[in-house]
Amino acid sequence: MSRSPPSLLELPAHSSIKFSAKQLDANGRSSHLSQSGELLANVEKEMGRLLDWAGANGTITQEKQALRNREDPLKADADGRHVELKTFLRSKSDVTHRRAKRRELAESTAVHLPREAVPGRRGLQREVSYLSDMKAAPRQLREVPDSLIPEAFRIMLQSPLPHNLPLFGMGEEAPGWKYNTTSRQWELPIFPSKLPAGRRDVVLLDAWVNDMVLRLQQSAGAMAEHEVLKEAQLLFSIASHELIRQAATQCFERAHLMGKIWWSEMELFQRMLQMRKSENAERARERQKHAEQMEAMLSQVEFLKAELAEAKSNKNGN
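All letters in the sequence shown, in the order written, are residues 1 to 318 by UniProt numbering.
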């Protein structure tokens with residue numbers, strides 16, 4: 001009894017999202033990922049580039065943070081208290097109570113940076129209320145390497161007129177609209193994104209993997225087994241690359257670790273394949289050896305039968 005495929009998230013019914021029509025050939029059939037040029041040969045190369053990029057940026061970030069800590073150890077110590085203190089103060093809406101808590105915390109802190117326009121205090125009267133007034137610096141968006149998903153398999157948003165993105169609560173300006181003369185619609189590629197930094201990209205990746213897996217299952221009967229395995233390996237490798245791209249926008253170290261795990265798993269998989277091939281080759285040699293031994297034994301039996309028949313004929317003649 002065949003098991004049903006796992007149910008993954010689907011695209012919203014009202015989103016008007018569809019895959020690019022370029023993935024259909026002249027006969028109206030859907031192409032495969034392995035038919036997209038040298039994509040299979042470039043997966044490992046591009047994954048290596050992505051890991052090098054994430055590892056280098058992660059090292060630079062750690063070095064910058066360590067340098068800032070060495071330059072201003074008091075600020076580094078204050079940054080460590082900032083999150084805990086700010087969370088505590090936000091839970092108190094009463095201003096008087098908040099100020100009382102600030103004075104209480106000021107008596108037990110080791111920070112000696114004074115508030116502006118107030119003389120520096122020493123001992124147990126050091127001021128720390130400035131910590132609740134700190135504002136987080138705007139996060140700088142980083143450019144990430146391009147996605148490996150072929151253009152024919154990217155998700156497009158179609159509309160009669162170009163507009164802002166309404167999908168998943170996104171309302172930012174969406175440059176990149178192009179007019180399709182065939183469908184007479186404006187199209188905007190929304191997956192994969194050049195800067196995948198939100199939940200929308202994860203949901204679209206999930207829907208993309210779901211669609212590709214279903215297509216692969218439907219076409220498995222018309223393809224050879226090794227072609228199906230090759231297509232599945234390529235599909236999940238590209239999905240892993242895209243997931244690592246998305247993780248890299250938030251944390252270089254997490255993306256680098258995910259890439260290392262993927263690479264180690266692929267190496268382990270290749271070693272298992274080599275072991276399987278070696279075992280199959282050894283079994284083939286053993287079968288050939290047994291066949292040769294069996295053939296030699298049969299020829300020996302035939303020879304002995306011939307000698308026995310000749311001996312019987314000589315005995316009868318005498």
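Note that CB positions come from ideal geometry on N, CA and C, so glycine has one too. None of the values given here were measured: they were computed from a predicted structure.
Going by DSSP in three states, residue i sits in which element: helix, strand or coil?
| i | result |
| --- | --- |
| LEU157 | strand |
| LYS194 | coil |
| LEU234 | helix |
| VAL144 | coil |
| GLN293 | helix |
| VAL301 | helix |
| GLN250 | coil |
| MET223 | coil |
| HIS256 | helix |
| ILE261 | helix |
Please go through the same chain and pick out, in chain order, the residues whose beta-carbon is closer than 8 angstroms to the beta-carbon of residue i, but skip the five residues on each side of it.
| i | result |
| --- | --- |
| MET258 | SER240, LEU243, ILE244 and ALA247 |
| LYS289 | none |
So residue i packs on residue j, CB below 8 angstroms; how close in whole Å?
| i | j | result |
| --- | --- | --- |
| SER193 | ASP201 | 5 angstroms |
| GLN185 | GLN158 | 4 angstroms |
| ALA281 | THR249 | Rounded, the Cβ-Cβ distance is 46 angstroms, inconsistent with contact. |
| MET272 | LEU235 | Contact flag wrong, Cβ pair sits at about 19 angstroms. |
| LEU298 | ILE238 | Actually they do not touch by this definition, with Cβ atoms about 54 angstroms apart. |
| ALA220 | VAL228 | 5 angstroms |
Considering only DSSP beta bridges, list what residue i is partnered with.
| i | result |
| --- | --- |
| PRO189 | MET156 |
| ASN180 | GLN185 |
Please return the same chain residues whose Cβ sits closer than 7 angstroms to the Cβ of residue i, not counting the five positions on each side in sequence.
| i | result |
| --- | --- |
| TRP53 | PRO145 |
| ARG154 | SER20, PRO189, PHE191 and PRO192 |
| ARG49 | PRO145 |
Keeping to the same chain, check which residues put their C-beta closer than 6 angstroms to that of residue i; ignore five residues upstream and five downstream.
| i | result |
| --- | --- |
| TRP177 | PRO162, TRP186 and LEU188 |
Given a threshold of 16 other Cβ atoms within 10 Å of its Cβ, counted over all protein chains shown, does residue i qualify as buried or as exposed?
| i | result |
| --- | --- |
| MET294 | exposed |
| HIS256 | buried |
| GLU231 | buried |
| PHE252 | buried |
| LEU308 | exposed |
| LEU51 | buried |
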